[in-house]
Structure formats: C-alpha cells, structure tokens
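Following: one structure in structure tokens, then a few remarks.
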Amino acid sequence: MSAPEFSFKVGTRLEGRHGRSGLISTPHGEIATPAFIPVGTKATVKAVLPETMKEIGAQALLSNAYHLYLQPGSDIVDEAGGLSKFMNWPGPTFTDSGGFQVMSLGVGFKKVLAMESVGVQNDDVIAKGKERLAHVDDDGVTFRSHLDGSKHRFTPEVSMGIQHQLGADVMFAFDELTTLMNTRGYQEDSLERTRLWAQRCLDEHERLTQARSHRPYQALFGVIQGAQYEDLRRKACRDLEALRGAAGTGFDGYGIGGALEKHNLGTIVGWCCDELPESKPRHMLGISEPEDVFVAVENGADTFDCVNPSRVARNAAIYVDKGRFNIDTARFRRDFTPIDETCDCYTCANYTRAYLHHLFKAKEILASTLCTIHNERFTIRLVDRIRESIESGDFDAYKTEFMGQWRGRIKAPEA
C-alpha cells in the first residue's frame, strides 16, 4: 500500500535542536509547519463560521471521533462526503481517536487534565462527586454516553471504522490515555495495551483503505504514551516506529500525548523526537499557551491542537502579547479602543473593548463569536511568526523578544 496523497517535507532546521519548519501535503491541501490546528470538536469551532476560520489563517481543523460518533453519527458524515464537505471547510482535517474522552469519562474529570502532579498515585482515582462512565480492558473500552447514558463499546477496529467514515486527512490510533495519578506499574501495562491496540489499528487501517479506495487516502498517526517516564516514552516511540501492517504499512506520523507535567514538556518532546524518524511529522496533542508552543516547537513538534483559545474566549478571556486578561471587568466599560491595536483580526478592526464588555454583560452570543475570532487569530499568528523566524534564522531572537513581554495571566493590558 502507498499513500501518494499524503507526504511531509522537512524545511529549515533549528541548529542543534529537533525543531524545524516543514510542509505536510494532504488530499485537501497543504499545511506549512509548525502549525496550530484549531479544535472544532463537533465539526465546528464553537461560535465561529468555518469560512471565518479560513479567513483568520487556520490551515486545518481537528474534530473528535467520540463526539461525532454519538452525534450526528459517523455514517451521516460519511454519507455527506466526509468531514470537510459536511462542515463546508475547504482545508485539511484531523480527527482524534476518542482516547482522551475515554480517560476523562473514566476518572470523571470531564475535559480537564492538569499538567501538574498532585503527589498522589492511585489507579482507581475518580473525581469527587463523579461517576465512572468508562471501563478499560485489554480488548477496548466500554462506556456510557455523556448525552443519554446509553452503553457503547470502542475497540481499535471500531475507532478506525468511525474515523474512516469521518474522512479526516489525519487520524490517530486508538490509545489509552493515563493520568499523572496512575502508578508506574499501570503506566507499563497501559503502554503495552496501547502498543497492541496500535498494531490492530494499522491492520484495520490497511483493510479499510483498500475497501474504501473511492475515498481520498487518510494518514494514520500512532500515539506515544509513557507519562513522565523517559524509558517508557522512548520505548513507546521505538515500538510504534517498528510496527507494520500485514501489507507493510507503518504510521504516517506520530502524536505525542499522555500525562505530563508542564515543566517537563520540552524534555518529553525531546525524548520522543530523539527516537522518532525525522522524515515523519509529529503532532503535540493539547497545547496552545504561548510558552508551551515555543518549547514544543523548539524540541520538535510540527503541529499541535488545543481547545483553549476558543474555550477561554467564551468566558471573556482575551490574549494579547503581554498576557491573558478578562474583557468583562469594569475598567473596560468605557474603553473605546480595540482589544489590540497591532492585531489584524476582524474583531480588532471593527469593535472596541467597551462593546465586547457590553456583549458579555448582556449575555449576547456575539460576544463568544468576536472573542473566539481574536483568540484563534492570536494563536495562529503567533505560530506563523514562529515558523517565519525558523526559516529566517531568527527563532531565538523572536522567542526572547516575545517571552520578554509575555506574563501569562494579567489583570488588564497596559495602556
């Protein structure tokens, strides 16, 4: 089997480091890397038109197999011609396997996975006041829908079937995502389970690719687990790189996922990129904060996704170069300036802080739309500049310049 419609070409390398620019080619277009992939969980970036996402510079969007399987059903998306046609998005698409939702259903944390250790290890951990809705075994996961409580079963083969029906250009192998609370022993068992699932994903991917030859080729990325343990991370990379389907197919790229502490992000990405083939793209699952982006890119991540820019926007949190602040605080009631004078997004060109403050106080839906446009554009533009700085040889200078003013969360932007 071959994948002539999917390829990756390395561009400019950061000297002495794994970071690089590059170009991913897919049936629905190209992605210049490093690239931020905004998340449209249910085939939409909440509150924003797909056409608008294109206008603000998004190169690809990521949707979630678990959610689309439950609603409207992957068969309906398939009948519509695949995810891109279904959501009227002209560019490449990614789908994750549902592994994150399985973990969050299992421990009751919903969408939150803290990037810090709590000093406790317990394989039976469950969030206070929550019910365990997912149970993992060696064959797959049984879970109850968060929508109606109905019972469902995901296996590697089921996940591949769903993702093939969704038709994304890049999809991920089904994996078990552990938490920082899991013991070393459980991490080892889970890593082997994920390796065996990855083999089954490759085999089913080959079968479905042949059976669905009328559809464009879909790239399959293996997912690297191993938590904060160097030997497990390196083993996972070597194991996944060695896997082949019956027809000789290996993974088209790799996703770096799993539990990790924020201060270890660069180290863990570096371990993985030491082991992974340079000729294949690497996707970092679930990051978007500027300090994390610089660290991930420098250490070898080519693409990454996160819901955070849109999620915090719906709660009035805004990004500017100096940090993140809340637009619904009283000081902005009579502030008739844009969010950011230097930003080229639609919101900053047309609306004031005072108007956005009013929309949030009035609980108007437009508040979420305008602030999401700004936050997504901020993140996309930041990564575009990082890519340009790599290609021009100015990455270190740009990193120093940006991080010199970035302070994380701030009370309000300086005048």
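Per the numbering used here, the very first residue in the sequence shown carries number 1; after that it's consecutive.
Beta carbons: idealized from backbone N, C-alpha and C, even for Gly.
Taking the beta strand (DSSP E) that residue 30 falls in, what are its first and last residues? Residue mapping note: residue 30 aligns to position 30 of the sequence shown, counting from 1. Counting along the chain, the beta strand (DSSP E) containing residue 30 begins and ends at 29-33.
Exposed or buried, what is residue 182 when buried is set at 16 or more other beta-carbons lying within 10 Å of its beta-carbon? In the sequence shown, counting from the first residue as 1, residue 182 sits at position 182. Classification for residue 182: buried.
Best match in 336, 286, 406 and 316 for proximity to residue 374 [C-alpha to C-alpha]: Taking the sequence shown and counting its residues from 1, the one referred to as residue 374 is at position 374. Of the residues 336, 286, 406 and 316, the one whose Cα lies closest to the Cα of residue 374 is 316.
Assuming contact is defined by CB atoms lying nearer than 9 Å, are residue 155 and residue 206 in contact in what I supplied? Taking the first residue of the sequence shown as position 1, residue 155 is located at position 155. Taking the first residue of the sequence shown as position 1, residue 206 is located at position 206. Cβ atoms of residue 155 and residue 206: not closer than 9 Å.
Quick check: the Cα distance between residue 87 and residue 50, rounded to an integer number of angstroms? In the sequence shown, the residue the question calls residue 87 occupies position 87. In the sequence shown, the residue the question calls residue 50 occupies position 50. When rounded, the distance between both Cα atoms is 7 Å.
If you drop the 5 nearest sequence neighbours on each side, which residues of the same chain put their C-beta closer than 7 Å to that of residue 332? On the sequence shown, position 332 is the one that residue 332 refers to. Only 353, 354 and 357 meet the Cβ criterion.
Is the beta carbon of residue 216 sitting closer than 9 Å to the one on residue 413? Residue 216 sits at position 216 when you count from the first residue of the sequence shown. Residue 413 sits at position 413 when you count from the first residue of the sequence shown. Taking 9 Å as the Cβ cut-off, residue 216 and residue 413 do not qualify as a contacting pair.
Beta-carbon proximity of residue 266 to residue 298, cut-off 9 Å: Counted from its first residue, the sequence shown places residue 266 at position 266. Counted from its first residue, the sequence shown places residue 298 at position 298. Yes, Cβ-Cβ distance for residue 266 and residue 298 is below 9 Å.
Does DSSP classify residue 155 as helix, strand or coil? As a position in the sequence shown, residue 155 is number 155, starting the count at 1. Three-state DSSP puts residue 155 in coil, outside helix and strand.
How should residue 284 be labelled, buried or exposed, when 16 other C-beta atoms within 10 angstroms of its C-beta is the threshold for buried? Indexing the sequence shown from 1 puts residue 284 at position 284. Classification of residue 284: buried, given that the 10 Å Cβ count is 16 or more.
Segments of 4+ residues assigned as alpha helix (DSSP H) that fall wholly inside the stretch 197-271: 230-242
Please confirm if the stretch 162-177 is in contact with the stretch 219-236, defined as three or more CB-CB distances below 8 Å between the two stretches. yes
Verify whether the separation of the beta carbon atoms of residue 170 and residue 60 is less than 9 Å. If you number the sequence shown from 1, residue 170 lands on position 170. If you number the sequence shown from 1, residue 60 lands on position 60. Cβ atoms of residue 170 and residue 60: closer than 9 Å.
Under the assumption that residue 36 contacts residue 288 (Cβ atoms under 8 Å), give the Cβ distance between them as a whole number of angstroms. Residue 36 sits at position 36 when you count from the first residue of the sequence shown. Residue 288 sits at position 288 when you count from the first residue of the sequence shown. That belief holds up - the Cβ atoms of residue 36 and residue 288 are roughly 7 Å apart, short of 8 Å.
Identify the continuous alpha helix (DSSP H) that holds residue 398 and give its terminal residues. As a first step, residue 398 is located in the sequence shown; it is residue number 398 there, counting from the start. Run containing residue 398: 395-405, per the alpha helix (DSSP H) assignment.
The alpha helix (DSSP H) that contains residue 68, what's its start and end? Your numbering for residue 68 matches position 68 in the sequence shown. First-last of the alpha helix (DSSP H) with residue 68: 65-70.
Simplified DSSP assignment, three categories, for residue 351: Reading the sequence shown from its first residue, position 351 is the one you call residue 351. Of the three classes helix, strand and coil, the one that applies to residue 351 here is coil, per DSSP.
Taking residue 381 as part of the alpha helix (DSSP H), name the residues at either end of that continuous run. Within the sequence shown, residue 381 is the residue found at index 381, counting from 1. Residues 366-392.
Output the distance between the C-alpha atoms of residue 8 and residue 303, rounded to the nearest integer angstrom. Position 8 of the sequence shown holds residue 8. Position 303 of the sequence shown holds residue 303. Between residue 8 and residue 303, the C-alpha separation is close to 12 Å.
Would the stretch 322-332 count as touching the stretch 401-410 if we require 3 or more Cβ pairs under 8 Å? yes
Contact between the stretch 156-168 and the stretch 54-73 (3+ Cβ pairs under 8 Å): The stretch 156-168 makes contact with the stretch 54-73; the number of CB pairs closer than 8 Å reaches 3 or more.
Roughly how many angstroms separate the alpha carbons of residue 92 and residue 73, rounded to a whole number? Counting from 1 along the sequence shown, the entry for residue 92 is found at position 92. Counting from 1 along the sequence shown, the entry for residue 73 is found at position 73. Whole-angstrom Cα-Cα distance: 20 Å.
Residues near residue 157 by beta carbon distance below 7 Å, same chain, minus five either side: Working through the sequence shown from its first residue, we reach residue 157 at position 157. Excluding positions up to five away in sequence, the list reads 200 and 204.
Just reading off the alpha helix (DSSP H) that residue 297 is part of, what are its end residues? Here residue 297 corresponds to residue number 297 of the sequence shown, with the count starting at 1. In the DSSP assignment, residue 297 falls within the alpha helix (DSSP H) that extends over 290-298.
If you follow the alpha helix (DSSP H) that residue 305 is part of, which residue opens it and which one closes it? Against the sequence shown, residue 305 aligns to sequence position 305. No alpha helix (DSSP H) contains residue 305, which is instead part of the beta strand (DSSP E) from 303-306.
Residue burial classification, residue 218 (beta-carbon count within 10 angstroms, cutoff 16): The residue labelled residue 218 in the question sits at position 218 within the sequence shown. Counting Cβ neighbours within 10 Å, residue 218 comes out buried, since at least 16 surround it.
Just the Cα atoms here: how many angstroms apart are residue 39 and residue 306? One-based indexing of the sequence shown puts residue 39 at position 39. One-based indexing of the sequence shown puts residue 306 at position 306. Each residue's alpha carbon lies about 6 Å from the other.
If you reduce the DSSP assignment to three classes, tell me which class residue 111 lands in. The residue labelled residue 111 in the question sits at position 111 within the sequence shown. Only weak support is given to the placement of residue 111: the predicted model assigns it a pLDDT of 37, under 50, and the value that follows is read from those uncertain coordinates. Three-state DSSP puts residue 111 in coil, outside helix and strand.
Beta strand (DSSP E) containing residue 285: first to last residue? The count along the sequence shown starts at 1 and reaches residue 285 at position 285. Taken as a continuous stretch (DSSP letters only), the beta strand (DSSP E) holding residue 285 covers 282-285.
Tell me where the alpha helix (DSSP H) around residue 85 begins and ends. Along the sequence shown, one-based indexing puts residue 85 at 85. Residues 83-86.
Residues of its chain near residue 396, where Cβ-Cβ distance is below 7 Å and the 5 sequence neighbours each way are ignored: Within the sequence shown, residue 396 is the residue found at index 396, counting from 1. Around residue 396: no qualifying Cβ.
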